[in-house]
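Working notes, structure below.
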Amino acid sequence: MNLKDNLNAQPLLNLELLAKQVVEGFISGIHKSPFHGFSAEFAEHKIYNKGESTKHIDWKLFAKTDKLYTKRYEEETNLRCHMILDNSASMYYPEVKKLDVNNLNKIGFGVLAIAGLMNILKKQRDAVGLSIYSDAYNFYSSEKSSERHHQMLLAKLSEVATDTNPAKKTETYTYLHQIAEKMHKRSLVFLFTDMFQTAEEDEKLFDALQHLKYNKHEVVLFHLLDKEKELFFNFDDAPKRFVDVETNQQIDLYADNVKEAYQKELTSYLSDIKLKCAQYKIKYVAVDVAQNFASVFNTYMVERQKF
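For what it's worth, the working numbering labels the leading residue of the sequence shown as -16, then goes sequentially.
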């Protein structure tokens, strides 16, 4: 099921409403996922673990789902979650004239995914923070759970999604180190990026990712790609001019002439990323921005339970 198909095409400006619809669409279809048994109440419940007291089991929910959940109380919902968003020019691919939930580029997907996660975190009374970087550390806000803070982050995300002049370069290495230095309390960290960079070697990038593991943070890398074009390299047989949006370098060629070599190089690069993430105990999740948000929300649910 494509969650986007359940929503009317709407601009991303009303981000709070869209985030709510995306989350509700996910919950309504969750019985088809490995997490069947959850329902709209999942934000207020946690899975019953064998050996726990049965005192707080929600028997009404058990009657509906045939699974045991205990009621979650406010003092238990003290998760700190920090979202990190890459805001460089490559994240604005593919070019989209009007962003809506049926027509997203990488930055639009990242913004709406973060807004959806914020919607869930808000229901669970958890604290959320946000960092945005490109060729500068564009924005930072520490983890808070107030309504005012929530609205401020939504406004910033809406501003990013509709930016018509994004920064050309990406300095992921530099700013991930700076973000890591700012985060002192143990948090669940979600990084949304396409992993395209101009300034540093890959090894230095992975050093920065490892830095995020300091203070016992749990880190998830959501690797955003337009798989049809960026992974499978599916273009028609007409000659194409490919332009690097971050360096402005150009090359004219027929896509079929380089497709095999391109895919070989990219597959090797993706394998290196996955290997390094496994080495540093960072969860790697490949995300196709043309698909729905289920992989993001499912990952959140699993990581929260582990956290």
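Each residue gets a CB set at the ideal place from its N, CA and C atoms; glycine is no exception.
In the DSSP assignment, Thr37 falls outside any alpha helix (DSSP H), carrying neither H nor E. Here the alpha carbons of Lys289 and Glu78 stand approximately 37 Å from one another. Listed in chain order, the beta strand (DSSP E) runs fully inside the stretch 47 to 96 are 52 to 54 and 63 to 69, counting runs of at least 3 residues. Only residues of its own chain outside the window of five on either side were considered, and among them Ala2, Val5, Val6, Phe9, Phe276, Val279 and Phe280 have a CB closer than 8 Å to the CB of Gly99, listed in chain order. Exclusion of the five residues before and after Met135 leaves Ser124 as the residues of its chain whose Cβ lies within less than 8 Å of its Cβ. The beta carbons of Leu(-2) and Leu113 sit no closer together than 8 Å. The alpha carbon of Ala72 has as its nearest neighbour, out of Lys81, Leu159, Lys89 and Ala273, the alpha carbon of Lys89. CA-to-CA, the gap between Asp190 and Arg224 works out to about 34 Å. Close CB contacts of Tyr75 within its chain, under the 6 Å cut and outside five residues either way in sequence, are with Asn88, Ile90 and Pro149 (chain order). Residue pairing by DSSP leaves Leu249 without any beta bridge partner. The way I'd put it, the stretch 164 to 175 does touch the stretch 62 to 71; three or more beta-carbon pairs between them come closer than 8 Å. Annotation: the stretch 94 to 147 contains the following complete segments of the beta strand (DSSP E) (minimum length 3 residues), in chain order: 110 to 116 and 120 to 127.
Scanning its chain for C-beta atoms nearer than 7 Å, with the 5 sequence neighbours on each side dropped, one finds around His200 the residues Met166, Arg169, Ser170 and Val172, in chain order. Spatial neighbours of Tyr267 in its own chain (CB-CB distance under 6 Å, excluding positions within 5 residues in sequence) are listed in chain order as Leu204, Lys257 and Cys260. Residue environment: Thr230 is assigned as exposed (fewer than 16 neighbouring CB atoms within 10 Å of its CB, all protein chains considered).
Judged by DSSP secondary structure, Gln233 falls within the beta strand (DSSP E) whose first and last residues are Gln233 to Leu236. For Glu211, same chain residues with a beta-carbon under 7 Å away, outside a window of 5 residues either side, are Asn217 and Ala273 in chain order. Of the candidates Asn198, Asn61, Glu248 and Ala119, Asn61 places its Cα closest to the Cα of Arg108.
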